[in-house]
Amino acid sequence: MPPSGPATSAPRPPAPPSARWPAGLRHPRILVGAGLLILLTLLAWLGPLAAPWGFTERDYTSFLQPPSARHWFGTDGSGRDLYVITLVGLRKSLLIGLRVAVLTTALAAVVGAITGYFPGLPDRLLTWLTDLALVVPPLLVLAVLFPIVDKGGWVALILLLAAFGWMVTARMVRAATRSLRHHEYIRAARYLGASPTTIIIRHLLPNLSGLLVADVTVNVSAAILAETGLSYVGLGVQPPDVSLGTLIAHGTRYATTHPWMFGFCTGLLVLLVTAVHLLGEGLRDALTRGIPVHRA
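By the count of our numbering, the sequence shown reaches residue 311 at its end, each step adding exactly one.
Here it is in structure tokens:
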């Protein structure tokens, strides 16, 4: 008989990135970025409720007045309270950034997983489409399609921004998928008769969850900056809606004479982008470390 002793077992495969989330979430950049982002989100939704003025109300005794106890951020040229308007613009920029980021990452995950899992014609076709989308100047296309954005509102803007932001992430997902598809658990699922759709949804994408979550966060920052730039040149959010981009564009002419028209919205944009950037980079470092990437 073999000698008795502690039972031996085969080495376990490395845990997927999602299993390392609790330890990764203690990253200092994640804590700082998440805390600042939570504060800005609460300010955007709850801040206007504490103001004595509404979004459409006007104070006809105060035009272009500096910050005071009556108007915390001052007033604009029509007597509207800038505190309420700025926080509503912050809310709209947050909503646009989050929705664009989710759509962008979802599209990138689908395209990247399909091109990475299916070699041959599907890979070549979708890779060619990705390369083509990378060389198309998005600002020119958005300028041409501006009548659609103007008619469809900020919903059409979200769709157009998402259509031009998925290519780089799709390449990353494709490279990671090409490595993961050779792992034993993928082969076992294939031998057991699992369909490619089941393998991609149940096995591949969950193991890329760290990459995708981090990418969503990074894309929020990119989408907010893109929306701000487009709104600044008149191709983004249209009146009567406001965003940080439209407020910055309107306040630029008053930057030297009435700085509160420009300073508060610009400061909130800087804080928002900084918070999302810290959170996204921290998540990317914590959750994507160890994800295998194979360069085709």
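Ideal placement from N, C-alpha and C gives every residue a C-beta, glycine not left out. Treat the numbers as computed from the prediction; the structure is a model and nothing was measured.
Of the choices the options, whose alpha-carbon is the least far from that of residue i?
i, options, result
"GLY50", "ALA264, GLY295 and SER258", "GLY295"
"GLY89", "ALA66, ARG114 and LEU259", "ALA66"
"LEU245", "TRP169, LEU55 and LEU286", "TRP169"
"THR261", "LEU144, PRO137 and LEU102", "LEU102"
"LEU223", "MET187, LEU155 and LEU157", "MET187"
"VAL288", "PRO43, ILE53 and ARG41", "ILE53"
"LEU259", "GLU72, LEU61 and LEU110", "LEU110"
"ILE173", "HIS198, ALA241 and GLY208", "ALA241"
"ARG114", "HIS273, GLY225, LEU155 and ALA171", "ALA171"
Starting from the C-beta of residue i, find all residues in its chain whose C-beta is less than 8 Å away, skip the five residues before and the five after it, and write them out in chain order.
i, result
"THR76", "GLY94"
"VAL150", "none"
"PRO211", "TYR132 and PHE133"
What is the rounded straight-line gap between the Cα of residue i and the Cα of residue j?
i, j, result
"ILE263", "GLY278", "8 Å"
"VAL233", "ALA116", "8 Å"
"VAL126", "GLY135", "14 Å"
"TRP36", "THR184", "Caution is warranted here: a pLDDT of 49 is assigned to TRP36, below 50, making its placement in the model unreliable, and no coordinate value can be reported."
"TYR247", "PHE161", "14 Å"
"PHE78", "PRO152", "41 Å"
"TYR269", "TRP275", "8 Å"
"ARG193", "ALA124", "13 Å"
"VAL159", "THR243", "18 Å"
"GLN253", "SER108", "13 Å"
"TYR206", "ALA191", "21 Å"
"ASP91", "PRO82", "11 Å"
"ARG44", "GLY297", "5 Å"
"ALA121", "ARG73", "42 Å"
"ASP146", "PRO137", "14 Å"
"VAL257", "ILE100", "8 Å"
"PRO221", "THR71", "46 Å"
"PRO255", "THR271", "25 Å"
"ALA209", "TRP68", "59 Å"
"ALA62", "ALA229", "Note on residue identity: the sequence assigns Gly, not Ala, to residue 62. About 28 Å."
"GLN80", "LEU57", "26 Å"
"ASP96", "ARG85", "9 Å"
"ARG139", "ALA148", "14 Å"
"HIS42", "TRP60", "27 Å"
Return the Cβ separation of residue i and residue j in integer angstroms, given the expectation that the two are a contact with Cβ distance under 8 Å.
i, j, result
"TYR132", "ILE216", "Wrong, their Cβ atoms sit about 11 Å apart, outside the cutoff."
"VAL291", "GLY48", "7 Å"
"LEU286", "LEU55", "6 Å"
Can you list, in chain order, the residues of its chain whose CB lies under 6 Å from that of residue i, leaving out five sequence neighbours each side?
i, result
"LEU283", "LEU105"
"ASP300", "none"
"ARG189", "GLY127, THR130 and GLY131"
"GLY112", "VAL235, ALA238 and ILE239"
"TYR98", "ALA66, TRP87 and PHE88"
"THR119", "ALA177, GLY180, TRP181 and ASN234"
"ARG196", "TYR132"
"LEU293", "ARG44, VAL47 and GLY48"
Give every residue of the same chain whose Cβ lies closer than 7 Å to the Cβ of residue i, excluding the five residues on either side of it in the sequence, and list them in chain order.
i, result
"HIS218", "TYR200, ILE201 and ALA204"
"GLY266", "MET276, PHE277 and CYS280"
"THR142", "THR130"
"LEU227", "THR120 and ALA124"
Mind checking which residues open and close the alpha helix (DSSP H) that includes residue i?
i, result
"ARG217", "Careful: ARG217 lies outside any alpha helix (DSSP H) and carries neither H nor E."
"TYR206", "199–206"
"PRO43", "43–61"
"GLY89", "Note, GLY89: premise wrong, no alpha helix (DSSP H); not H, not E."
"HIS265", "259–266"
"PRO137", "136–150"
"VAL188", "182–195"
"PRO153", "153–159"
"PRO246", "This sequence places Ser at residue 246; Pro is not what is there. That run of the alpha helix (DSSP H) goes 224–247."
"TRP169", "169–178"
"ARG106", "97–132"
Nearest chain C C-beta to residue i closer than 8 Å, yes or no?
i, result
"ALA171", "Note that chain C does not occur in the displayed structure, where there is just one protein chain."
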